[in-house]
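Going line by line, the protein sequences match chains A and B.
Each residue of the first sequence is one higher than the one before, starting from 4 at the first, in our numbering.
Each residue of the second sequence is one higher than the one before, starting from 4 at the first, in our numbering.
All residues carry an ideal CB built from backbone N, CA and C; glycine is no exception.
2 protein chains.
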Amino acid sequence: MAGHPLDPLFHPRSVALVGMPRDVEARGSGFFHALLDQGYPDHHPLYLVNPNATVIAERPCYSTLLDCPGPVDHVISLVPARTASALVEQCVAKGVRTLHLYTAGFAESGDAALAALERTLVARANAGGVRVIGPNCMGLYVPAEQLAFYEELPRESGPVFGISQSGGNAGDIIRGLAERGLRFSKLVSFGNGRDVAAAELFEYAAHDEESRLVVAYLEGVPDGRALFRALRACARSKPTIVLKGGVSQAGARAVRSHTASLAGATEVFDALCRQAGAIRVDTMDELQDLAVLLSTQARRIAGPRALLVGRGGGFSVLSTDEIARHGVDLPELPAEAQGVLREHIPIAGNSIRNPLDISSLTGEGGSAMRTVLRVAATTPGYDFMFATPDSAPARHSGASRHSAFGTPPPDDEAAREQERRALNELGELQAEHARPVVVVRRNRGDELVPDAELLRTALDAGLAVIPSVPRAARVVGTLLRWRAARAGLAAVF
Amino acid sequence: MAGHPLDPLFHPRSVALVGMPRDVEARGSGFFHALLDQGYPDHHPLYLVNPNATVIAERPCYSTLLDCPGPVDHVISLVPARTASALVEQCVAKGVRTLHLYTAGFAESGDAALAALERTLVARANAGGVRVIGPNCMGLYVPAEQLAFYEELPRESGPVFGISQSGGNAGDIIRGLAERGLRFSKLVSFGNGRDVAAAELFEYAAHDEESRLVVAYLEGVPDGRALFRALRACARSKPTIVLKGGVSQAGARAVRSHTASLAGATEVFDALCRQAGAIRVDTMDELQDLAVLLSTQARRIAGPRALLVGRGGGFSVLSTDEIARHGVDLPELPAEAQGVLREHIPIAGNSIRNPLDISSLTGEGGSAMRTVLRVAATTPGYDFMFATPDSAPARHSGASRHSAFGTPPPDDEAAREQERRALNELGELQAEHARPVVVVRRNRGDELVPDAELLRTALDAGLAVIPSVPRAARVVGTLLRWRAARAGLAAVF
Numbered sequence: 004m005a006g007h008p009l010d011p012l013f014h015p016r017s018v019a020l021v022g023m024p025r026d027v028e029a030r031g032s033g034f035f036h037a038l039l040d041q042g043y044p045d046h047h048p049l050y051l052v053n054p055n056a057t058v059i060a061e062r063p064c065y066s067t068l069l070d071c072p073g074p075v076d077h078v079i080s081l082v083p084a085r086t087a088s089a090l091v092e093q094c095v096a097k098g099v100r101t102l103h104l105y106t107a108g109f110a111e112s113g114d115a116a117l118a119a120l121e122r123t124l125v126a127r128a129n130a131g132g133v134r135v136i137g138p139n140c141m142g143l144y145v146p147a148e149q150l151a152f153y154e155e156l157p158r159e160s161g162p163v164f165g166i167s168q169s170g171g172n173a174g175d176i177i178r179g180l181a182e183r184g185l186r187f188s189k190l191v192s193f194g195n196g197r198d199v200a201a202a203e204l205f206e207y208a209a210h211d212e213e214s215r216l217v218v219a220y221l222e223g224v225p226d227g228r229a230l231f232r233a234l235r236a237c238a239r240s241k242p243t244i245v246l247k248g249g250v251s252q253a254g255a256r257a258v259r260s261h262t263a264s265l266a267g268a269t270e271v272f273d274a275l276c277r278q279a280g281a282i283r284v285d286t287m288d289e290l291q292d293l294a295v296l297l298s299t300q301a302r303r304i305a306g307p308r309a310l311l312v313g314r315g316g317g318f319s320v321l322s323t324d325e326i327a328r329h330g331v332d333l334p335e336l337p338a339e340a341q342g343v344l345r346e347h348i349p350i351a352g353n354s355i356r357n358p359l360d361i362s363s364l365t366g367e368g369g370s371a372m373r374t375v376l377r378v379a380a381t382t383p384g385y386d387f388m389f390a391t392p393d394s395a396p397a398r399h400s401g402a403s404r405h406s407a408f409g410t411p412p413p414d415d416e417a418a419r420e421q422e423r424r425a426l427n428e429l430g431e432l433q434a435e436h437a438r439p440v441v442v443v444r445r446n447r448g449d450e451l452v453p454d455a456e457l458l459r460t461a462l463d464a465g466l467a468v469i470p471s472v473p474r475a476a477r478v479v480g481t482l483l484r485w486r487a488a489r490a491g492l493a494a495v496f
Numbered sequence: 004m005a006g007h008p009l010d011p012l013f014h015p016r017s018v019a020l021v022g023m024p025r026d027v028e029a030r031g032s033g034f035f036h037a038l039l040d041q042g043y044p045d046h047h048p049l050y051l052v053n054p055n056a057t058v059i060a061e062r063p064c065y066s067t068l069l070d071c072p073g074p075v076d077h078v079i080s081l082v083p084a085r086t087a088s089a090l091v092e093q094c095v096a097k098g099v100r101t102l103h104l105y106t107a108g109f110a111e112s113g114d115a116a117l118a119a120l121e122r123t124l125v126a127r128a129n130a131g132g133v134r135v136i137g138p139n140c141m142g143l144y145v146p147a148e149q150l151a152f153y154e155e156l157p158r159e160s161g162p163v164f165g166i167s168q169s170g171g172n173a174g175d176i177i178r179g180l181a182e183r184g185l186r187f188s189k190l191v192s193f194g195n196g197r198d199v200a201a202a203e204l205f206e207y208a209a210h211d212e213e214s215r216l217v218v219a220y221l222e223g224v225p226d227g228r229a230l231f232r233a234l235r236a237c238a239r240s241k242p243t244i245v246l247k248g249g250v251s252q253a254g255a256r257a258v259r260s261h262t263a264s265l266a267g268a269t270e271v272f273d274a275l276c277r278q279a280g281a282i283r284v285d286t287m288d289e290l291q292d293l294a295v296l297l298s299t300q301a302r303r304i305a306g307p308r309a310l311l312v313g314r315g316g317g318f319s320v321l322s323t324d325e326i327a328r329h330g331v332d333l334p335e336l337p338a339e340a341q342g343v344l345r346e347h348i349p350i351a352g353n354s355i356r357n358p359l360d361i362s363s364l365t366g367e368g369g370s371a372m373r374t375v376l377r378v379a380a381t382t383p384g385y386d387f388m389f390a391t392p393d394s395a396p397a398r399h400s401g402a403s404r405h406s407a408f409g410t411p412p413p414d415d416e417a418a419r420e421q422e423r424r425a426l427n428e429l430g431e432l433q434a435e436h437a438r439p440v441v442v443v444r445r446n447r448g449d450e451l452v453p454d455a456e457l458l459r460t461a462l463d464a465g466l467a468v469i470p471s472v473p474r475a476a477r478v479v480g481t482l483l484r485w486r487a488a489r490a491g492l493a494a495v496f
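If you want it as structure tokens, here you go:
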């Protein structure tokens, strides 16, 4: 997207790390490693600046920003707050386009003089044509431009645009979604947000053709009107999820100490999101789960009537209660469909009314199991189904050595292979019958953590996988509330 | 405890597996493997019964129960429902004390004839002096007697008495608590509960000297008055936690299909628990977390005023909101204590008001960290503290390579070692200052699952470890509500 004032931010042609530690294992060296990990220096120049070194990690090091031999578009500042003013002057002199102040110790300290310094610095930079990210933040993750602030973040791009005041929460969002198969177009951690902040970023995201889903972690609402306009523009063009920190009194105090933000009244912020067509979620887990739903066929869930297919009677009972707690119904299976199932399923050890507890079914991909899944996918009167294939390696139990999706395999590797096949099978079922499927993992202590590759394959096949029943129930409830709140708006999911 | 009618149930001197499959890998063979795994046959005689085999797994196999060469105290029935009547007659003839009907396909099927058969069978057994567990259940886990129904359950005994209608949920309870370091005195899965059922088991637990904590998963309340009396006796002598299945309309239907139970009105059950002095929890996670709190010094938490010590500004903000959501307060640290901290902690990158976000503190066991922990443990006006040591292996990040409890270690093994040291340190802090500590793991995707040995060491040291902030906040809220509801009763925790 050319022409937007923030466009240069996302496309720097060179980066300088100012205040780069001489010891590459020292605090603050992380940006250097993160950029190397993304392959930055093979892409564009990366300059290291430290007045007390000429070489760091076998790379030339320059005394000051002004000594860098080429133009510098983007500066990452690791210098202490007390020397930041000098750096701002150098940025102006050097023609830097964006200054990312990782430097902290400004307004968030609660000290009035440091808050004034922050204002002065940023005003001077802006007056000199330099946009500022921060202070007190992690800055840019733009995989297409090899920009990152943690190591081991994905190098591939994807459709998610991220906005986060907190750098740590930005990391949790990126890594959490990466493990679920999602990738990012861009993410900005903007900390105290004295210049670049949420409203402008939502505005950018609204028109960014590389971004189809927006997730945000916000702490403050400095200008509610501007934020509302931008959030509305964004939420009307693509799904927009907002996690707000500081919704409690103690949380609001924490927010002041963290990013010097005023949290504002939660009710007002809630109304703002609702009217804008965005959704406010309560937790990091919910943000991630909702992003997964919206990136799969589960986004088409249009109503609350669900089927639950799984194994284990007591587990099905507790799952049913949990699902009901979040406003999702599990209407009883019609008599005719029960009749079909009764022909294929033994009476002992199974329930077929909904939940469908098929504890005693044996044989992977067996005909009885195929019948159950076909009935679940085609019986009229349901909006979607929850499916909970087993994913634990087998142990002998009196109840059964068999799973809803086959005999539990004997070890971790075999368990993964079986989960892979179960996900394939459910993906095909969903594609064939057009009834959304939400795969729910049991998330017991002895279950495998699914590998990211498996979850990515599922996501690419349009299949949502959620780690536990409470989370699945909650996020579907949230999706349905959001749908209701958006009545009258053009569909974006 | 001698003299209670259920005493023989927990101390059989021999077991017969009737209907033992010839193929030891076949469905139903699990009890055989579970008993072997506990070392049963080295303890007391284990008889296999199958009319079509003389040897199974190199052990003698008998045609009928009556052919077993010695007395049989406890029978586990794997026979189909249609032949169960004959087995009951044999049990009576053989002088069997308890019959565990794993056999399913009775009242829970919804079929009136099968429900009548269940009643008849059990009445006949009782008339002949045989107590019945079930039908449709997993039966007994009594590690001191080498009785179990799944493989790989702990062979050691402990203070937890378990009651569960569901066998699968019983497994989740045993394994879930075992991974947290807890062990069982006895557990009974009683399924349809036509004879042995919840009331009698609570009554037993109340007086069982081997049991100091009672956890129960119930589906039905066939006799509310008897259950209330027994639950009250139990809850007044030891902490008693009840998870109830079927609290929703759909859940109540699932309960009928699962154990033929009538779920009853949730409000009535809630009042019953409250008046009895027990606590009803909503989820399996909450049951397990509360059992951990009650088994550690965290049981002494007497009020809602907490400190939160951790790392990561945004994480602290979200944690604070989550904690507030569950009725726990995080009062601001008094100015004097803030002053002490300010002397030891740099202003940039840390918050010291509560939450104490000490992101930038370096050096494991360093003096600054010791100061923070001492201030948190001794500042008056707080009831307890949450502490969230890092447990993820290190990656370079711009923010920091340092943790609240030391520099994050480079790999999984080192991360475990560091977590071990952090837990030791917190255990000693708790012992020294008598302020309860709730250790909260961050539970991000990239965290290690803690090993059971580590959690057991923590538990033995009286230190509660909870997997995530939402769960920790919730379970402390539950503990405090329970305390309030028990006002006037003798303390049992």
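**OP:** State the DSSP-derived secondary structure class of Pro-11/B, mapped to helix, strand or coil.
**Re:** Position 8 of the second sequence holds residue 11/B. Of the three classes helix, strand and coil, the one that applies to Pro-11/B here is helix, per DSSP.
Original post:
On the three-pair Cβ rule with 8 Å, is the region 194-211 of chain A touching the region 259-277 of chain A?
Top reply: By the Cβ rule, the region 194-211 of chain A counts as touching the region 259-277 of chain A, because three or more pairs are nearer than 8 Å.
Original post:
Can you give the Cα-Cα distance for Ala-110/B and Ala-119/B, rounded to whole angstroms?
Top reply: On the second sequence, residue 110/B is found 107 positions in, with the first residue counted as 1. On the second sequence, residue 119/B is found 116 positions in, with the first residue counted as 1. CA-CA distance, Ala-110/B to Ala-119/B, rounds to 8 Å.
Original post:
Mind checking whether Val-1/B and Ala-19/B have CB atoms under 8 Å apart?
Top reply: A query on residue 1/B cannot be resolved here, the shown segment of chain B reaching from 4 to 496 and no further.
**OP:** Figure out for me which residue from Leu-90/B, Ile-136/B, Ala-130/B, Ile-282/B has the closest Cα to the Cα of His-103/B.
**Re:** As a working note, residue 103/B is residue 100 in the second sequence. That would be Ile-136/B, whose Cα lies nearest to the Cα of His-103/B.
Original post:
Can you give the Cα-Cα distance for Glu-346/B and His-329/A, rounded to whole angstroms?
Top reply: Counting from one through the second sequence, the residue named residue 346/B turns up at place 343. Counting from one through the first sequence, the residue named residue 329/A turns up at place 326. Near 48 Å, if we compare the C-alpha coordinates of His-329/A and Glu-346/B.
Original post:
Does the count of Cβ pairs from the region 313-320 of chain A and the region 246-259 of chain B closer than 8 Å reach three?
Top reply: yes
Subject >> Ser-192/A - containing beta strand (DSSP E), residue span >> reply: Taking the first residue of the first sequence as position 1, residue 192/A is located at position 189. 187-192 is the span of the beta strand (DSSP E), which, as asked, contains Ser-192/A.
**OP:** Would you mind reading off the limits of the alpha helix (DSSP H) that contains Cys-140/B?
**Re:** Taking the first residue of the second sequence as position 1, residue 140/B is located at position 137. Looking at the DSSP string, Cys-140/B is not in any alpha helix (DSSP H), and its letter there is neither H nor E.
**OP:** Just grab the DSSP bridge partners of Gly-313/B for me.
**Re:** On the second sequence, position 310 is the one that residue 313/B refers to. Looking at the DSSP assignment, Gly-313/B forms a beta bridge with Asp-360/B.
**OP:** Compare the C-alpha of Leu-143/B against each of His-14/B, Ile-361/B, Arg-302/B and name the closest.
**Re:** Taking the first residue of the second sequence as position 1, residue 143/B is located at position 140. The shortest C-alpha separation from Leu-143/B is found at His-14/B.
Subject >> chain B contact residues for Gln-252/A, given Cβ-Cβ distances below 8 Å >> reply: By 1-based counting over the first sequence, the position of residue 252/A is 249. Correct list: Ala-327.
Subject >> Paired residues, beta bridge with Tyr-50/A - DSSP >> reply: Numbered from 1 along the first sequence, position 47 holds the residue referred to as residue 50/A. When DSSP reads this structure, Tyr-50/A sits in a beta bridge with Ala-19/A.
Original post:
Just the Cα atoms here: how many angstroms apart are Leu-124/A and Val-91/A?
Top reply: Position 121 of the first sequence, counting from 1, holds the residue named residue 124/A. Position 88 of the first sequence, counting from 1, holds the residue named residue 91/A. Roughly 7 Å separates the two Cα atoms.
Subject >> Cβ neighbours of Ser-32/A in the same chain (closer than 6 Å, five flanking residues each side left out) >> reply: For this step, residue 32/A is matched to residue 29 along the first sequence. Correct list, in chain order: Pro-24.
Subject >> Ile-350/A: contacting residues in chain C (beta-carbon distance under 7 Å) >> reply: Among the protein chains of the structure shown, namely A and B, there is no chain C.
Original post:
In chain B, what lies closer than 7 Å to Phe-193/A by C-beta?
Top reply: As a working note, residue 193/A is residue 190 in the first sequence. Correct list: empty, because the minimum Cβ distance to chain B is about 12 Å.
Original post:
Looking only at C-alpha atoms, which of Ala-455/B, Arg-215/B, His-7/B, Val-440/B sits nearest to Glu-203/B?
Top reply: Translated into the one-based positions of the second sequence, residue 203/B becomes position 200. Of the candidates Ala-455/B, Arg-215/B, His-7/B, Val-440/B, the one whose C-alpha sits nearest the C-alpha of Glu-203/B is His-7/B.
Original post:
Does DSSP classify Phe-496/B as helix, strand or coil?
Top reply: For the purposes of this step, residue 496/B is taken as residue 493 along the second sequence, with counting starting at 1. Note: Phe-496/B maps to coil in three-state DSSP.
**OP:** With DSSP as the reference, please indicate the residues paired to Met-388/A in a beta bridge.
**Re:** Reading the first sequence from its first residue, position 385 is the one you call residue 388/A. The partner list for Met-388/A (beta bridge, DSSP) reads Leu-310/A, Val-440/A.
Original post:
In the structure shown, what three-state DSSP assignment does Pro-146/B receive?
Top reply: In the second sequence, the residue the question calls residue 146/B occupies position 143. Correct three-state label for Pro-146/B: helix.
Subject >> Limits of the beta strand (DSSP E) - the one that Ile-166/A falls within >> reply: Residue mapping note: residue 166/A aligns to position 163 of the first sequence, counting from 1. Segment 160-167, the beta strand (DSSP E) holding Ile-166/A.
Original post:
Any idea what DSSP makes of Arg-283/A, helix, strand or coil?
Top reply: Indexing the first sequence from 1 puts residue 283/A at position 280. Arg-283/A: strand per DSSP, three-state reduction.
Original post:
Could you give the C-beta distance for Ser-80/A and Gly-22/A, rounded to a whole number, given that I count them as a contact under 8 Å?
Top reply: As a first step, residue 80/A must be located in the first sequence, where it is residue number 77. As a first step, residue 22/A must be located in the first sequence, where it is residue number 19. The pair is a contact, with the Cβ atoms about 6 Å apart (cut-off 8 Å).
Original post:
Taking 8 Å as the CB-CB limit, is Tyr-463/B close to chain A?
Top reply: Translated into the one-based positions of the second sequence, residue 463/B becomes position 460. Before going further, note that residue 463/B is Asp rather than Tyr in the sequence given. No - not a single Cβ of chain A is within 8 Å of the one on Asp-463/B.
Original post:
How about Asp-292/B and Arg-85/B: do their beta carbons lie closer than 8 Å?
Top reply: Translated into the one-based positions of the second sequence, residue 292/B becomes position 289. Translated into the one-based positions of the second sequence, residue 85/B becomes position 82. Cβ distance not < 8 Å, so Asp-292/B and Arg-85/B don't count as in contact.
**OP:** Name, please, each residue of chain B whose Cβ falls closer than 8 Å to the Cβ of Arg-308/A.
**Re:** For the purposes of this step, residue 308/A is identified with residue 305 of the first sequence, where counting begins at 1. Chain B residues near Arg-308/A: none, gap ~11 Å exceeds 8 Å.
Subject >> Residue closest to Thr-101/A, alpha-carbon to alpha-carbon, out of Leu-117/A, Ala-107/A, Pro-138/A >> reply: On the first sequence, residue 101/A is found 98 positions in, with the first residue counted as 1. Closest option to Thr-101/A, Cα to Cα, is Pro-138/A.
Original post:
From the DSSP output, which residues share a beta bridge with Asn-172/A?
Top reply: The count along the first sequence starts at 1 and reaches residue 172/A at position 169. Paired residues: none, contrary to the question.
Original post:
What do you get for Ser-362/B, buried or exposed, if any count of 16 or more other CB atoms within 10 angstroms of its CB means buried?
Top reply: As a first step, residue 362/B is located in the second sequence; it is residue number 359 there, counting from the start. Its Cβ being crowded by 16 or more others within 10 Å, Ser-362/B is buried.
Original post:
Are any of the Cβ atoms in chain B nearer than 8 Å to that of Arg-345/A?
Top reply: As a working note, residue 345/A is residue 342 in the first sequence. No, Arg-345/A does not count as interfacial toward chain B.
Original post:
Just to confirm, does Cys-140/A get its C-beta within under 7 Å of one of the non-hydrogen atoms of the ligand MN?
Top reply: Only the bare structure without any ligand can be found here, which leaves the ligand MN out of the picture.
Original post:
Hey, quick one: how far does the beta strand (DSSP E) through Cys-64/B stretch, first residue to last?
Top reply: Position 61 of the second sequence, counted from the start, is the residue given in the question as residue 64/B. It spans 62-65 - the beta strand (DSSP E) in which Cys-64/B sits, taken as one unbroken run.
Original post:
Do we get a CB-CB distance below 8 Å when we pair Gly-22/B with the residues of chain A?
Top reply: Reading the second sequence from its first residue, position 19 is the one you call residue 22/B. Cβ-Cβ to chain A under 8 Å: no for Gly-22/B.
Subject >> chain A contact residues for His-261/B, given Cβ-Cβ distances below 8 Å >> reply: Position 258 of the second sequence, counted from the first residue, corresponds to residue 261/B. Here the neighbours are Gly-316, Gly-317, Ser-319, Val-320, Ser-354, Asp-360.
**OP:** Report yes or no: is there a C-beta of chain B within less than 8 Å of the C-beta of Leu-483/A?
**Re:** To locate residue 483/A, count along the first sequence from 1; it is residue 480. When Cβ-Cβ separations below 8 Å define contact, Leu-483/A makes no contact with chain B.
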